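Residue numbers (the working numbering): 1 to 228.
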């Protein structure tokens, strides 16, 4: 299914300045969609285990293609799982988040948002795609402090999270987050990562006590030919 992107180059709060190095090349000449009849599987290798994600290109084509181009471009290799927390007030972790932001969240890459970061205008909410935030759902984060756009961070639900679906109360609107995949292997690995101590430093007050003291690196991120 061909996808036409309406990309924005925008200042975005939450992306480290190092991302500017690849904004020009990210969306040029990279294969995005596999045969629609075949499952699209992405593998994330970590020191604690391997996670397999089925990317639901048919249900969320824009969000899925955005994620796949980040994978195909090698941008998640060397990224980290750095956040574990609950967004519903409970003690048990609800989501684990990974991506490229750990240095920025610590203040190591500066606190000013860079310009030119490729983001995706948010259109594919859960009411449109039919992918609710259940245990194992994979979703993209959004720039909640400025534009509302989809950004290159992703999170995985460790338990059901209906509070992240369309129609629930979330800043800056009630659109929720763009789910686009599901974990088919590796939930125990994710729970092991999420169980780590969350006393990591951050200059974002909202994320206090949600940043892992010892983030777990993503060694490789790539497509697989088949389900595990």
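Backbone N, C-alpha and C fix where the C-beta goes; we use that ideal spot for every residue, glycine too.
Note that the structure is predicted; figures quoted are calculated from it, not measured.
Rank the options by C-alpha distance to the C-alpha of residue i and give the top, closest one.
{"i": "residue 155", "options": "202, 193, 130 and 145", "result": "193"}
{"i": "residue 148", "options": "182, 175 and 213", "result": "175"}
{"i": "residue 132", "options": "144, 179 and 184", "result": "179"}
{"i": "residue 75", "options": "88, 99 and 89", "result": "99"}
{"i": "residue 204", "options": "42, 62, 166 and 101", "result": "101"}
{"i": "residue 134", "options": "145, 120 and 164", "result": "164"}
{"i": "residue 208", "options": "45, 87 and 44", "result": "87"}
{"i": "residue 125", "options": "167, 44, 69 and 136", "result": "167"}
{"i": "residue 121", "options": "189, 90, 46 and 177", "result": "177"}
{"i": "residue 146", "options": "173, 66, 47 and 210", "result": "173"}
{"i": "residue 189", "options": "49, 89 and 43", "result": "49"}
For a test of the three-state rule: what should DSSP assign to residue i, helix, strand or coil?
{"i": "residue 91", "result": "coil"}
{"i": "residue 266", "result": "Nothing about residue 266 can be reported from this structure: the residues present for the chain run from 1 to 228 only."}
{"i": "residue 214", "result": "strand"}
{"i": "residue 66", "result": "helix"}
{"i": "residue 50", "result": "strand"}
{"i": "residue 126", "result": "helix"}
{"i": "residue 77", "result": "coil"}
{"i": "residue 38", "result": "coil"}
{"i": "residue 173", "result": "strand"}
{"i": "residue 226", "result": "coil"}
{"i": "residue 207", "result": "helix"}
{"i": "residue 61", "result": "helix"}
{"i": "residue 164", "result": "helix"}
{"i": "residue 72", "result": "helix"}
For residue i, which beta-bridge partners are listed by DSSP?
{"i": "residue 120", "result": "150"}
{"i": "residue 181", "result": "55 and 138"}
{"i": "residue 220", "result": "45"}
{"i": "residue 98", "result": "81 and 154"}
Kindly say whether residue i, judged by its beta-carbon, lies nearer than 8 Å to any beta-carbon of chain B.
{"i": "residue 150", "result": "Any reference to chain B falls outside this structure, which holds one protein chain only."}
To the nearest whole angstrom, what separates the beta carbons of residue i and residue j, a pair I think is in contact under 8 Å?
{"i": "residue 93", "j": "residue 227", "result": "Not a contact, Cβ separation roughly 26 Å."}
{"i": "residue 138", "j": "residue 95", "result": "Not a contact, Cβ separation roughly 10 Å."}
{"i": "residue 143", "j": "residue 151", "result": "5 Å"}
{"i": "residue 222", "j": "residue 71", "result": "7 Å"}
{"i": "residue 187", "j": "residue 63", "result": "Not a contact, Cβ separation roughly 21 Å."}
{"i": "residue 191", "j": "residue 212", "result": "That pair is no contact at about 13 Å."}
{"i": "residue 220", "j": "residue 91", "result": "Actually they do not touch by this definition, with Cβ atoms about 33 Å apart."}
*Touching by the beta-carbon criterion (3+ pairs, under 8 Å), the region 199-206 and the region 39-53*: No: fewer than three Cβ pairs fall under 8 Å.
_Stretch pair the region 81-92 + the region 210-219: three plus CB contacts closer than 8 Å_ = Touching, yes.
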